[in-house]
Amino acid sequence: MKAAPFAYHAPATKAEALDMLAGLDDARVLAGGQSLLPMMNLRLAGPTHLIDLNGVPELAGISRAGDALVIGTMTRQRAAERAALVHEACPLLAEAMEHVGFQQTRNRGTVGGSIAHMDPTAEIPVAASALDAMLTVESAAGARQFPIGELAEGYLMTQIAPDEMLTRVALRLWPKGHGHAFEEVTRRGESFCVVCVAALATLDASGAFSRLAIAIGGLAEAPVRLSGIEADLVGARADQDAFRAAGAAAGALAADEAPFAPPAYKRHLAGVLTERALARAAGRARRAAA
Amino acid sequence: MSERVRIALTVNGTPREGEVEPRAHLCDFLRHSLHLTGTHMGCEHGVCGACTVLLDGESVRSCLTLAVQARGRAVTTIEGVALPDGTLHPIQEALSAHHGLQCGYCTPGVVMTLIELQRDLDGGPADEASVRRALAGNLCRCTGYQGMVDAALSVLNAAPRAAAQ
Amino acid sequence: MNAAQQKETWFGQAVRRLEDDALLRGKGRFVDDIHLPGMLHAAFLRSPYAHARLGAIDTAAAQALPGVVRVLTYQDLRPLLTCDRIPLAMPSGAIRFDVDPFVLARDEVCHVGEPIALVIAESRHVAEDALGLIGVTFDPLPAIVDPREGLKDGAPQARLDCPDNLVAQMSAAYGDVDGAFAGAAHVIAEDFHIHKGGGHSIEPRGLVARFDAGEDLLTVWDSTQMPHQAKRVLVRTLGLAEHQVRVVAPDVGGGFGPKFVFHPEELAVAAAAVLTGAPVKWIEDRFENFMSTVQERDQYWSVEAACDAEGRLMGIRGTLVHDHGAYTPYGVALPYNSATNLIGPYVLPSYRLDIALSLTNLIPSTPTRGAGRPQGTFVMERLLDRLAERLGLDRAEIRRRNLIQPAQMPYDSGLKTRDGGSMIYDSGDYPQCMARALAHAGWDGFEARRAKARAEGRVIGIGLSNYVEGSGRGPFESASVRIGPSGKVVVTTGAAAQGQGTVTMLAQVVADGLGVRPDAVSVIAGDTAASPLGLGAFASRQAVTAGNAAHQAAGEVRAKVLKVASQWLEADPEDLELSAGRVHVKGVPGRGRSLGEVASALAGLPGFALPPGTPPGLSAAVDYQPKGMTYCNGTHVCEVEVDPATCIVSVTRYVVVHDCGRLINPMMVDGQIIGGVVHGLGTALYELMAYGDDGQPLTCTYADYLLATADTSPRIEVHHMESPSPLNPLGVKGAGESGTIAALAVIASAVEDALKPFGVAVRDLPATPSRLFALMHPDLATPEARL
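Residue numbers (UniProt numbering), protein chains in the order written: chain A, 1 to 290; chain B, 1 to 165; chain C, 1 to 787.
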């Protein structure tokens, strides 16, 4: 299980990295490597050139810009998990992060790497989807932005072109007092997700939803947002009926075939976890208001 | 064969150099170039945890880290855990006292994980569930984990060392 | 060592392991840690097909790759070998076809992962690069993936060299079983499936082989449970003499059964070392491990049980279809173990199980921890649960009515062991064992706990399983104890260690005999040069066989010390004692000699006489032959909580009462049991080796194939009973596999108990969430729910 040979490049700046991407054929960028390197060890991936971003400090960092939390693509998952700013402003991401891989892979794995890899069962894209992430993708020719919902183009395939790379993730922050929850079912304890759900909610003074977001991972190649029910429930009382309605909407979604996760089971889990996540998020919002 | 790259790094406090193919992962480099064979390889795809080492103090899978990526950085392996005089680290000592190892193959990775946990807790208390969670990324087929959990709890919840007085 | 360890006897003490220090420092010596000058590296080209005719193999491009030394196929290796196939199958009259494996595939590949060619290169990386350059022509053939399908009329052949797929058939039977069913008050019938499970030692297989032409010696460092067996196979297949082959098992990173079996790669790499003249290393990677290391457990049972009106068993009959895999690298005793272990601790008046072993295009099936016994126990315990339900009895009560009573010991089960002897339980108090487990687990209070949980919206269940394990299988094991003029005590043994603590166990036994501390004893296990005879690790046997061999050898050395010392000290041997490495007059440590001095006298000086009446050397070698198998037993009780919405099972409490006779080191016995339980927990809940209909393995990483982890394993409470075995001087029984044997049954019982209100009956393992979901929602079940 040894990787095939490749040429190794270690740019020191983003500009250098983008130039390499523009100039080299069959190149891939190496972020944390916690998904790419296993695939290379198994010879399921074998790029000719590997452009290692780990020596590019400007690609990492977490900052607040207005109502957005901006995360550099090379920010370690563990750094995001532990950052005070994330806990304070974006607790959903912190909660989701605890479910990602193992501590030893989170120490190395990056936020941007996980999103760009777009594993259908990865947690970070699901949280990012609920947080209306805006992605910045750059090439030597310039930068462009698009919402995370437009990223996936198939199983483990994205619209990021061969000469481009993801550089920034901007998460839309929710107001103080919002509730959040991340729910997940794995096949075994701390392991790979079958279905996961991220939920965010704010309540008005009457206890009705004033805003909510629900994203589901594991059903299809990319996270699914429950936009319809999100809109329907605005103004509805945040009670069991509402949670159940959200669950029912989630349970009606299509689910792909996957080993060990038959579609019927995944749809069922989507319903159960959506109901639980929304209930927990609403509960937190209610407690914050009290 | 691809080109070879010269790298210099610190391993267990000692400057080391070597020449590697870029595709060599840190585990192969430690084991076969530096002959530090205490770090073991169990799956080579990042799940079993036997190859866990500390990179600048943080636990990482050495099978999912390229040797070239350790350039200029500090690596700690199981060989660097005991004190220079040979005294075992309290976690090593406890693993033996609580029968937290049998074949010993996963043990080096377990030790590295627990050292990081000890540092993260920074003297705060540990409960069994959190120790078990911390060890979720270290597969062991021999012990059923109980001995290593007990070992960890005994060290993490021990009274502060006399040195603090 | 702690204060308790200052006691006079080491037997029975929780002595800290002698193995630990080196392992904790990263100073162990596993096979991949061995680095020899000029060493080359091997990689295997493996079959991508479950079944195919093998055509031309073009190695030219691979051979031309810089860094490649040789590319070898069957045709290259055959001239070095004395036979076409590797003679591995243990004898059995039941075997119909010779399907011993080949060193590399010859005409046909019969499972995905079967080795076809071998690249020897300057590095493993280059060797793997070369694999992609080998061209092979395959003519794909239909594959048998389900052993039941393979036995149907007109089924495709799993192997072209066998006319059909029924590789062996046998029966386990006694009593008038049809009469029992005719007169029964209750009869139930059930089908069960127990799925594959692997050994999954965290260290995969591997070896380093070196042929030293100057010394005319082939040395093989092999991650094996059976170095002597490996040597025997190498001697026979390479046409060498015994003195030309040495096999050493260095530190071995777990065995669990698969490393009992000699695999084709071991011969191929050794032959490559002979052919190239250079040391060759091959370390199995995890992907290969999933495709080529033997596995176990796939069995399909259709059984009926008959009992009287009070729930006393009258008979069990049925059939067992066993997945044999594509080759016979071991024998056919595995399903026989399942069959004989079924009766467990119960009085079963009549029994007939017809067993069919079906060739499939899967990895060969050989023992994994438990060795067929978990399946037999699973079936019996599931049947008892069903009968209890039918009769409206508590699950503990129906067992109570059927347990063998202490007064019936030794108990002749009516079955034969595989060597033809009677299967006789030697000792044990099964009713008391179960009673203690029930008491520790609070069995009688469970309904109150269930009611409380229900009120909180939680679903919990409790399970119970008894078991018996035949352990300490013969025919013998060797141990020698030697003391030289240095005074060091050295034990050599044919036993082999993979983490069980064999070194510490033997050191404790010998320390008692010679009045030294265990850490003063050096144990050399697993080296054919150190012990001419030996078997190794299987059947939970080494404490029984090697332990008693070492005990007896230490006793002989002690007698010799006393004899010599009594002459020197002019004292009666009864007035002497051995302590702290000396022999001296009782209570007068100053009046004595060191063991080194005694050894020195017996080592002889040229022309000088030895002490009168004593043969030379302070040593003794014993090949201990057990009189019969010793049977350990136990009871497991566990509680689970199931989230009925997600179908996730958590084991919340696990109690074991275990009886393996006298305990040599209780800490290590606990470690064996707890580790065994967690292995079984993996089989019961997580481990699923999935194959496509074409025989492609679908779960070849630890992201797909799930072992139990620290966060999913419960705390396991172990309590001991000690019914000494009357069959050996130490009174010990085996403990290595017993934890696994009942774990499958007890977890199934608990999960079913929890989900009974949802109509769930557990007949298949693993009980994965998606399977439980399918059982709870049959309306939504889809074909893939079998996963």
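Cβ coordinates follow ideal geometry from the N, Cα and C atoms, glycine included.
Every value quoted in this text rests on a predicted model; they were computed, and no experiment measured them.
Contact list for residue i against chain E, beta-carbon separation under 9 Å
i, result
"C/PHE773", "The chain labelled as chain E is not found among the protein chains of the depicted structure, namely A, B and C."
One or two residues paired with residue i in a DSSP bridge
i, result
"B/ASP56", "DSSP lists no partner for B/ASP56."
"A/HIS99", "DSSP output for A/HIS99 lists no bridge partner at all."
"A/HIS49", "A/ALA7, A/ALA27"
"A/CYS196", "A/GLU184, A/GLY217"
"residue 171 of chain B", "Outside the shown range of chain B, which is 1 to 165, sits residue 171 of chain B, and nothing can be said about it."
"C/THR219", "C/ARG210, C/ARG246"
"C/LYS416", "C/SER422"
"C/ASN466", "C/THR635"
"A/MET165", "A/GLU138"
Residue-chain proximity (residue i, chain C), Cβ-Cβ < 9 Å
i, result
"B/SER62", "no"
"B/GLN146", "yes"
"B/VAL155", "no"
"A/PHE192", "yes"
"B/GLU58", "no"
"B/GLY123", "no"
Exposed unless 16 or more other CB atoms sit within 10 angstroms - verdict on residue i
i, result
"C/LEU605", "exposed"
"C/PRO783", "With a pLDDT of 49 at C/PRO783, under the threshold of 50, the modelled position of this residue cannot be trusted; read the value that follows with caution. The residue is exposed, with fewer than 16 neighbouring Cβ atoms inside 10 Å."
"C/ALA407", "exposed"
"C/SER350", "buried"
"A/LEU44", "exposed"
"A/GLN240", "exposed"
"B/GLU3", "exposed"
"A/CYS196", "buried"
Rounded C-alpha distance that separates residue i from residue j
i, j, result
"C/TYR74", "A/ASP132", "59 Å"
"C/ALA761", "C/LEU775", "8 Å"
"C/ARG450", "C/LYS488", "59 Å"
"B/GLY13", "B/THR76", "8 Å"
"C/VAL657", "A/VAL70", "57 Å"
"A/LYS14", "A/ASP25", "18 Å"
"C/LEU104", "C/ARG53", "14 Å"
"C/GLU639", "A/HIS268", "26 Å"
"A/GLY61", "A/LEU93", "15 Å"
"C/ALA513", "C/LEU234", "Just to set this straight, residue 513 of chain C is Gly in the shown sequence, not Ala. Between C/GLY513 and C/LEU234, the C-alpha separation is close to 37 Å."
"C/THR137", "A/ASP256", "35 Å"
"C/MET1", "C/TRP10", "A caution first: C/MET1 carries a pLDDT of 40, below 50, which makes its placement in the model unreliable, though a value can still be read off. Taking the straight line from one Cα to the other gives about 12 Å."
"C/MET443", "C/VAL564", "The sequence as given places Trp at residue 443 of chain C; Met does not occur at that position. Whole-angstrom Cα-Cα distance: 59 Å."
Beta carbon proximity, residue i to chain A, threshold 9 Å
i, result
"C/PRO485", "no"
"B/ALA162", "Any reading at B/ALA162 must be qualified, since the residue scores a pLDDT of 43, below 50, and its modelled position is unreliable; no value is offered."
"C/HIS35", "no"
"B/THR10", "no"
"C/SER770", "yes"
"C/THR709", "yes"
Cβ distance (whole Å) where residue i is taken to contact residue j below 8 Å
i, j, result
"C/THR293", "C/GLY199", "7 Å"
"C/ARG352", "C/SER171", "7 Å"
"A/ARG108", "A/ARG76", "7 Å"
"C/TYR467", "C/GLY344", "6 Å"
"C/LEU663", "C/GLU687", "Incorrect: roughly 30 Å between the Cβ atoms, too far for contact."
C-beta neighbour in chain B for residue i, strict 9 Å
i, result
"A/ASP26", "no"
"A/MET1", "yes"
"A/THR105", "yes"
"A/MET40", "yes"
"C/ILE343", "no"
"C/ALA455", "no"
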